[in-house]
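Colleague: Okay, here's the structure, questions in a sec.
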Amino acid sequence: VPNHQLIEEFGIAEVNDGGAPIPCEMNEWTPWGNCSVTCGRGKRTRTRQIKVFPRNGGTPCPEHLIQELRCELRPCPSPQCMVGTWSRWSRCSVTCGEGVQTRRRRVQKGRTGDWEEAECHEKEVEERMCRLPCPRT
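In case it helps, the numbering used here puts the sequence shown at residues 297 to 433.
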């Protein structure tokens, strides 16, 4: 791009044009932003920008241009668990005598914020005893 200085992906290309050293100058930090969530645990962010890039060996710019803080708001009202419907009971695990039948359902944990899953104590699998008659010999 014409009339634009190339900036490296992970830093600023050092410029030395033989002039006097020019130190880095930074803008002030922006105010802290709002929490990233409306309930639960999230984060707040603020940024700053480079006002004057250093030249000719002047004081380098600080590495960090973004700061984040955790924020904790009231607990989320969303359900802790999303529970599907039970499947049909399986066939008995034996062809005669005492066995077990099972059924399953999908249980998905809700979220309480950016990082935490809600506690969920719902069962995904349920078992019950079954008894089938055995042929007499």
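For every residue, glycine included, the Cβ atom is placed at its ideal position computed from N, Cα and C.
Beta carbon of R399, beta carbon of R384: below 8 Å?
Modeller: The answer is yes: Cβ separation under 8 Å.
Colleague: Can you tell me whether R337 is buried or exposed? The criterion is at least 16 other CB atoms within 10 Å of its CB, across all chains shown.
Modeller: When all chains shown are included, R337 counts as buried.
Colleague: Can you check which of these residues, Q363, E364, P317, is closest to V348 by C-alpha distance?
Modeller: The candidate whose alpha carbon is nearest that of V348 is P317.
Colleague: In chain order, which alpha helix (DSSP H) runs of at least 4 residues are fully inside the segment 381-409?
Modeller: Counting only runs of 4 or more, we get nothing.
Colleague: Considering only the alpha carbon of each residue, which of M425, V379, G329 lies closest to C392?
Modeller: Ranking the options by Cα distance to C392, first place goes to M425.
Colleague: Could you tell me whether the Cβ atoms of R342 and M322 are closer together than 8 Å?
Modeller: Result no, Cβ atoms of R342 and M322 do not sit closer than 8 Å.
Colleague: Count the other CB atoms within 10 Å of the CB of C331; is the residue buried (16 or more) or exposed (fewer)?
Modeller: Classification of C331: buried, given that the 10 Å Cβ count is 16 or more.
Colleague: Since V403 contacts E420 with CB under 8 Å, what's their CB separation in whole angstroms?
Modeller: Indeed, because the Cβ distance is near 5 Å, the residues count as touching under 8 Å.
Colleague: Three-state secondary structure (DSSP) at K419?
Modeller: In this structure, K419 counts as coil in the three-state DSSP scheme.
Colleague: Measure the alpha-carbon distance for V333 versus E310 and round it to whole angstroms.
Modeller: For V333 and E310, the distance between alpha carbons rounds to 39 Å.
Colleague: If you draw a straight line from the C-alpha of G395 to the C-alpha of K405, how long is it?
Modeller: If I take the Cα positions, the gap works out to 31 Å.
Colleague: Please classify G315 as buried or exposed, where buried requires at least 16 neighbouring CB atoms within 10 angstroms.
Modeller: Result: exposed.
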